[in-house]
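Visitor: Whatever position you read off the sequence shown (first residue = 1), add 175 for our numbering. Backbone N, C-alpha and C define an ideal beta-carbon position, used for all residues, glycine too. Once you've had a glance at the structure underneath, I'll fire off some questions.
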Amino acid sequence: MVDQTEQQESGEETPETLIGYYRQMALIRRFELTADQMYKRAKIGGYCHLNLGEEASVVGLMAALKPRDYLFTNYRDHGYALARGMETGAVMAELFGKTTGVSKGRGGSMHLFDTETRMLGGYGIVGGQIPPATGAALALTYRGDPGPEAEAVMCQLGDGTTNIGAFHESLNLAAVWHLPIVYVIINNGLGMATTVKAAAGEPDLYKRGCSYRIEGERVDGNDVVAVRNAATKALDRARIEREPFLLELVSSRLRGHSVVDPARYRSRQDVEEAQEADPVPAFRRQLLEAGLLDEPAAQQIDTEARAQVEAAVTFADASEDPTPDELFDYAYATPVANSPNTLPGEPVTGKLDPAKKEPR
């Protein structure tokens, strides 16, 4: 995670800051391209949703968060985990379902979790992250007074999530209780295969907090600095004034909803426009034109990202799989009476001894 405290306080951009953003964007791009390959090689099971095309939004948001803040995301969470500071190998190992993963192989792609970086999920259910994030913000109101050093919560969600009940219920409570939370909508124009205009009576999604008197703003999600600035302002407001905020970032995903989605619902024009707006090569060109990078330096960053991800795959491949006898570990945070401890097919009184054909 790039430390932007000094830069944010001075209000000036530094070459190191901007190059750091590109370094993270390049890493996320390489990680997601590799995750796509690993899924198709059956190294990754379950569902797999990629941040391809959303790298500027991801990096800008994570640059605005302070280490003490809490993050909740939906299932498109790989880039957030990397930019928040999780180790690349541990993230890849989680996708592989290995014991060295950030959730010990139990969460997989959609359930990345790490208390050290205060990323509390990765949620597989649409909107599942919104009530817990709102509850976390409520908890923060009991932990200290508002102010510049107070903690805040960021809750990321997709455009389709704004149509579910938990979104509106949570925003209402956040407004009534004056909670230090910023809800961030990543609007890629599609809720799976349904366009925002076809699904939302108010397609300007940042306005959907108006009925709860929650301020909102729409920002170009392909502009990493604009995203960071808007998110920083919203988080500072949440800390100091204890008021929620609704931030909408507009960016396009370059692939289908998930790795297995061919996205046939998108026209050729839609695909071409998304590719033209691709934030990673665009930001690379911007840095080159500004003289902050030269081509060899940019290639070096890309090479380092590739090597880092290749090392992550090697680490994940060499890691141990969970064993069946560990199935019920971590099911509860503390011991619970009568909790399950037998595998399917085993007698409830104990494990079956194959030699004696009876429980042992």
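Across which residues does DSSP place Gln199 in a beta bridge pair?
Guide: Answer is none; Gln199 lacks a bridge partner.
Visitor: For the candidate residues Ala409, Val400 and Pro515, whose alpha-carbon lies nearest to that of Ala189?
Guide: One detail in the question is off: residue 189 reads as Thr in this sequence, not Ala. Comparing Cα-Cα distances from Thr189 to each of Ala409, Val400 and Pro515, the minimum goes to Val400.
Visitor: Per DSSP, what kind of secondary structure is Met267 in: helix, strand or coil?
Guide: Helix, per DSSP.
Visitor: Enumerate in chain order the residues of its own chain whose CB-to-CB distance from Thr337 is below 8 Å, with the five nearest sequence positions on each side excluded.
Guide: For Thr337, where only same-chain residues beyond five positions count, the Cβ hits under 8 Å are Ile360, Ala375, Leu380 and Arg383.
Visitor: Kindly indicate the opening and closing residues of the beta strand (DSSP E) around Met329.
Guide: Looking at the DSSP string, the run of the beta strand (DSSP E) that includes Met329 is Val328 to Gly333.
Visitor: One question on the structure: do Arg403 and Pro323 come within less than 8 Å of each other, judged by their Cβ atoms?
Guide: No, the pair does not count as a contact, with Cβ atoms beyond the cut-off.
Visitor: So who's on the other strand from Asn363, going by DSSP bridges?
Guide: BP columns for Asn363 are empty, so no partner.
Visitor: What would DSSP say about Ile219, mapped onto helix, strand or coil?
Guide: Coil at Ile219, not helix or strand.
Visitor: CA-CA distance, Ala452 and Leu410?
Guide: Using only the alpha carbons, I get a separation of about 27 Å.
Visitor: From which residue to which residue does the alpha helix (DSSP H) around Phe342 run?
Guide: That run of the alpha helix (DSSP H) goes Gly340 to Trp352.
Visitor: Could you give the first and the last residue of the continuous alpha helix (DSSP H) run that contains Tyr550?
Guide: A query on residue 550 cannot be resolved here, the shown segment of the chain reaching from 176 to 535 and no further.
Visitor: What's the gap between the Cα of Val371 and the Cα of Gly333?
Guide: Approximately 11 Å between the Cα atoms of the pair.
Visitor: Taking the continuous beta strand (DSSP E) assigned at Glu188, which residues delimit it?
Guide: Taken as a continuous stretch (DSSP letters only), Glu188 belongs to no beta strand (DSSP E), as it is neither H nor E.
Visitor: Expressed to the nearest angstrom, what Euclidean distance is found between the alpha-carbon atoms of Ala405 and Val233?
Guide: Computed Cα separation, rounded: 13 Å.
Visitor: Buried or exposed: Val511, going by 16 or more other Cβ atoms within 10 Å of its Cβ?
Guide: Its Cβ having fewer than 16 others within 10 Å, Val511 is exposed.
Visitor: Is the distance from the Cβ of Pro321 to the Cβ of Glu416 below 8 Å?
Guide: The answer is yes: Cβ separation under 8 Å.
Visitor: With distances taken Cα to Cα, identify the nearest neighbour of Phe206 among Ala487, Glu495 and Glu521.
Guide: Selected option, being the one with the closest Cα: Ala487.
Visitor: Distance check for Met261 and Arg535, CA to CA, integer angstroms please.
Guide: Residue placement at Arg535 cannot be trusted, given a pLDDT of 44 that sits under 50; what the coordinates show is reported in the next sentence. Rounded to the nearest angstrom, the two C-alpha atoms are 43 Å apart.
Visitor: Mind checking who Val370 pairs with in its DSSP beta bridge?
Guide: For the sequence presented, residue 370 should be read as Thr rather than Val. Its beta-bridge partners are Leu365.
Visitor: What number of angstroms, rounded off, separates the C-alpha of Leu354 from the C-alpha of Leu365?
Guide: The straight-line gap from Cα to Cα measures roughly 29 Å.
Visitor: Take Gln483 and list the residues in its own chain whose beta-carbon comes closer than 7 Å to its own, dropping the five residues that flank it on each side.
Guide: Excluding sequence neighbours, Gln483 sits near Leu202 and Thr263.
Visitor: Quick check on this structure: which residue in Thr517, Tyr505, Lys215 and Asn513 has the alpha carbon closest to the alpha carbon of Lys279?
Guide: Taking only the C-alpha atoms, the option nearest Lys279 is Tyr505.
Visitor: Considering only residues of the same chain and omitting the five flanking positions on each side of Lys218, which have a CB-CB separation below 6 Å?
Guide: Excluding sequence neighbours, Lys218 sits near Phe271.
Visitor: Could you give the DSSP three-state label for Phe288: helix, strand or coil?
Guide: Coil.
Visitor: DSSP on Val511, reduced to helix/strand/coil?
Guide: Three-state result, Val511: coil.
Visitor: Return yes when the Cβ of Val425 is within less than 8 Å of the Cβ of Asp395, no when it is not.
Guide: In contact: Asp395 and Val425 (Cβ atoms closer than 8 Å).
Visitor: Kindly indicate which three-state DSSP category Gly391 falls into: helix, strand or coil?
Guide: Strand, per DSSP.
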